[in-house]
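Number of protein chains: 2
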Amino acid sequence: MKKLVNKIEDVMHESLEGLVACHSDLLELDPEYRFVARKSRHPTKVALISGGGSGHEPLHAGFVGQGMLDAACPGQVFTSPTPDQMVAAAQRVGSQQGVLFIVKNYEGDKMNFAMGAEMCEVPVATVVTNDDVAVQDSTYTTGRRGIAGTLVVEKIVGAAAERGAGLTELAALGELVNASTRSMGVALTSCTVPAVGTPTFDLGETEIEMGVGIHGEPGRRRVALMSADAIVEELLDAIVTDLAPRPGRPLLLFVNGFGGTPQMELYLVFQSAQRSLHKRGLTVARSLVGSYVTSLDMAGCSITLTALDDQMMALWDAPVRTPALRWGV
Amino acid sequence: MKKLVNKIEDVMHESLEGLVACHSDLLELDPEYRFVARKSRHPTKVALISGGGSGHEPLHAGFVGQGMLDAACPGQVFTSPTPDQMVAAAQRVGSQQGVLFIVKNYEGDKMNFAMGAEMCEVPVATVVTNDDVAVQDSTYTTGRRGIAGTLVVEKIVGAAAERGAGLTELAALGELVNASTRSMGVALTSCTVPAVGTPTFDLGETEIEMGVGIHGEPGRRRVALMSADAIVEELLDAIVTDLAPRPGRPLLLFVNGFGGTPQMELYLVFQSAQRSLHKRGLTVARSLVGSYVTSLDMAGCSITLTALDDQMMALWDAPVRTPALRWGV
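Going down the list, the protein sequences come from chains A and B.
The end of the first sequence is residue 349 by the working numbering, with every number in the run present.
The end of the second sequence is residue 349 by the working numbering, with every number in the run present.
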């Protein structure tokens, strides 16, 4: 394993310190590393808190800032944060308007955020994301996994919170965005967890894993390497069948890199996906390309589609100022 | 070789189409793929044009937009663009105020941009970047290579052009920024050029290449994997010795990923570098972390330092709106 690290046990802390030092205008770090918080907060707005295992950067700490999250609770690599982290974050950024937890559908995350919610002194609602159409159950999940679509939920709900929406309304909006969003990914290589030091799974020189999870969990099938167009067709077939957007409904197309994939390939995949959607009579109204919800150094990508309505589109377009997403401000 | 591509000969075109489709508010693509141009241009401003081989994305096309480049001319992967591309780009975006070429110091690029300059009908000046302190001459270069510091030149000079500076002034500013900037990189893995299909160089399971070039050219030495802190020390020793910034001079610290390195590691390197600079009595006033000047799928990073003055700092902070860099607008 070759990685740019010092002691394995310091990877998460040192990386968080770098993130917050680099973006000290936007972020502050809890001295015990329990959360990364937004520096300038509205005292009366509903606070959005997310979190999960590290190794998916910039998710979630890179999405803390104006128009998105108020805090993110990082666990060790691919490990859930603990309930005391959510409680500490809620104490720091929460208001009497309440706190919304946005949680990817993994057993550990769900359980720990639920325990955290019980321990909070302010009202808490929770949205669980489960946008991955690849498989029904998986290594760490009952039901569908929450993957890159989580970014879309955090962006759209974050914009609504910034505009002053209440807790119940935000929770309903989060459910709506999640229900309007589907994703599926493909791995060309495994990732390597620093503390393990060897690849999470083995993939042959000419094999790919269709439907891989963001921790290297198994997908639908392992097949021989195909062209980008053929991969995109298979991902979109699964996503579009499941989402079933009516023709004319504006779509957000989000091509997400897993960490080890160069941008040149991601834009090539975007071009292929947009062309395929056009052939299917579907309209790409908004787009995003980049490595936003990653799996350490895994090569590969996921495609996410969200069927937008006018409100979701306006909230997607609303200003956002975070380390990883920034527009309109 | 596993990559998300279709036919090898279509990689550059399909990727450029994806970039421009995703950022159609900012960019337009020449139908013959000779350049990517900024969509909304000032008719009276000096036009900034850069370019070079593909495989370094987002450099250069991802830096086309408000406050940075007016056009970028892409060559095939790691291959110089041809003079007709610069001429066509200058015809599209040039004004009577002239055109500034920003060129990384590689023989092919320099020669072709020089030929392009001779063929242009508007006044042309050229800035050649050579920020890499690793080696004096290299595979494709006489003198020092131009690497990630090129971004800093494009950003600062781009902001000055946006404010209406003239061609002579911009060329002088570009020379000043380049002279104030030093970089050095390290590779943990090789890159693989799609048309070749095998790694550009061989690196053992526990070896790294200190001072690697952005096409996989040899660096200073090949050594056993070290801690991130030790790697940072060696890179900064070389950079700081060569730049010799006086204490108190504000520095821009830019940690650049080569394409296959996860963000988690880049922020860890940033934290290490900032700490080391502080110990050296030096002050980080501005910072940037991300994969901006890449080498396809190479794992590794480079560190860039620019010794800023008040003017450079104000121009660095000025609004920029491009696919890859965006702030203040």
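Where a beta carbon is used, it is the ideal one built from N, C-alpha and C, also for glycine.
Only a predicted model underlies this, so the values are computations on that prediction, with no experimental measurement involved.
The beta carbon of B:A215 sits closer than 6 Å to those of I28, all from its chain and outside the five residues before and after it, given in chain order.
Using a Cβ distance threshold of 8 Å, A:G239 and A:E229 count as a contacting pair.
With respect to B:G194, B:V153 sits apart: the two C-beta atoms are not nearer than 8 Å. Under the three-state reduction of DSSP, A:D249 is assigned to helix.
A Cβ-Cβ separation of about 4 Å places A:G166 in contact with A:N125 under the 8 Å criterion. A Cβ-Cβ distance of about 11 Å is found for the pair B:D317 and B:G277, leaving them out of contact under the 8 Å criterion.
Not a single CB atom of chain A sits nearer than 8 Å to the CB of B:L272. By the Cβ neighbour-count rule, B:M131 is exposed, with fewer than 16 other Cβ atoms within 10 Å of its own. Against chain A, the CB of B:F290 has a partner CB under 8 Å away; the residue lies at that interface. With fewer than 16 other beta carbons inside 10 angstroms of its own, A:M139 counts as exposed. For B:K65, no Cβ of chain A is located within less than 8 Å of the residue's own Cβ.
Under the Cβ criterion of 8 Å, B:W347 is counted among the residues facing chain A. Annotation: the continuous alpha helix (DSSP H) that includes B:P103 extends over 103-113.
For A:M139, the closest Cβ of chain B is not nearer than 8 Å. Taking the Cα positions, A:G82 is about 22 Å away from A:G118.
Contact between B:L49 and B:E37 is confirmed by a C-beta separation of about 7 Å, below the 8 Å threshold. The count of Cβ pairs closer than 8 Å, one atom from the stretch 181-196 of chain A and one from the stretch 299-309 of chain A, stays below three, leaving the stretches out of contact. Under the 10 Å beta carbon count, A:K65 is surrounded by 16 or more other beta carbons and is classified as buried. Listed along chain A are G280, T281, P282, A319, each with a C-beta nearer than 8 Å to that of B:D317. Every beta strand (DSSP E) stretch that sits fully inside the stretch 178-223 of chain A and reaches 3 residues is listed by chain position as 201-207. Secondary structure at A:D152: strand, using DSSP grouped into helix, strand and coil. In terms of Cα proximity to B:T102, the closest of B:V31, B:V177, B:F133, B:S247 is B:F133. Sequence-distant partners of B:S296 (beyond 5 residues in either direction) whose C-beta falls short of 8 Å from its own C-beta, in its chain, are D249, V252, E253, L256. If you draw a straight line from the Cα of B:M32 to the Cα of A:H298, it is about 21 Å long. For B:P78, the chain A residues whose C-beta falls within less than 9 Å of its own C-beta are Q283, listed in chain order. About 19 Å separates the CB atoms of A:T218 and B:K22; that is not less than 8 Å, and the two are not in contact. At least 8 Å separates the beta-carbon of A:G136 from that of A:T99. Within chain A, the residues placing a beta-carbon under 7 Å from that of B:K23 are E285, ordered along the chain. By the neighbour-count criterion, in which a residue is buried when 16 or more other Cβ atoms sit within 10 angstroms of its Cβ, A:T226 is exposed. Counting along the chain, the unbroken beta strand (DSSP E) around B:E227 starts and ends at 227-230. In this structure B:T326 is buried. Its beta-carbon is surrounded by 16 or more other beta-carbon atoms within 10 angstroms. Contacts between B:A248 and chain A, judged by CB atoms closer than 7 Å, involve L24, V25, N26 in chain order. Residues of the stretch 150-178 of chain B with a Cβ closer than 8 Å to any Cβ of chain A: none. Look at B:V31: its C-beta is under 8 Å from a C-beta on chain A.
At least one CB of chain B lies nearer than 8 Å to the CB of A:S307.
Pairing A:L24 with B:C321 gives a Cβ-Cβ distance under 8 Å.
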